[in-house]
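Below you'll find the structure, written out as structure tokens, and then a few comments.
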Amino acid sequence: MINFIRKTDGAGLHGQIVNYYQANSLNSANVLLIPISEIVSIELSAVSSMPSGLLNTLTKEDILDMVAWLSSAN
Numbered sequence: 014m015i016n017f018i019r020k021t022d023g024a025g026l027h028g029q030i031v032n033y034y035q036a037n038s039l040n041s042a043n044v045l046l047i048p049i050s051e052i053v054s055i056e057l058s059a060v061s062s063m064p065s066g067l068l069n070t071l072t073k074e075d076i077l078d079m080v081a082w083l084s085s086a087n
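At the far end of the sequence shown sits residue 87, using our numbering, and the numbering has no gaps.
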């Protein structure tokens with residue numbers, strides 16, 4: 014799930030919230046720590062995390078296989 018975070022300085026960020034309450038030690042190179050005091054709002058993002066045009070690289074058969082695989086997941 015991708016979120017849109019609006020900060021007090023007006024900046025907007027898209028990303029995945031890993032942990033609301035404490036720093037996460039999984040991969041600190043890819044984690045941006047934002048103090049709660051700097052957050053104005055958090056909303057679900059209207060932007061997909063899938064790169065645009067990604068399906069254009071697949072054949073029709075590949076897409077049908079992927080849809081079948083996704084449909085079979087519990």
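The beta-carbon is built from N, C-alpha and C at its ideal position, and this holds for glycine as well.
Provide the residue(s) that pair with Ser-54 in DSSP beta bridges, ordered along the chain. Residue numbering aside, residue 54 sits at position 41 when the sequence shown is read from its first letter. According to DSSP, Ser-54 bridges with Arg-19.
Tell me the rounded alpha-carbon separation between Asp-78 and Ser-84. Stepping through the sequence shown from its first residue, residue 78 is reached at position 65. Stepping through the sequence shown from its first residue, residue 84 is reached at position 71. Roughly 10 Å separates the two Cα atoms.
Please work out which residues of its chain come closer than 8 Å, Cβ to Cβ, to Ser-50, disregarding the five sequence neighbours upstream and downstream, and give them in chain order. Position 37 of the sequence shown, counted from the first residue, corresponds to residue 50. Cβ within range, chain order: Thr-21.
Under three-state DSSP, which class holds Leu-45? The residue labelled residue 45 in the question sits at position 32 within the sequence shown. Coil, per DSSP.
In the DSSP assignment, find the alpha helix (DSSP H) that holds Leu-71 and state where it starts and stops. Within the sequence shown, residue 71 is the residue found at index 58, counting from 1. That residue, Leu-71, is in no alpha helix (DSSP H); it is neither H nor E in DSSP.
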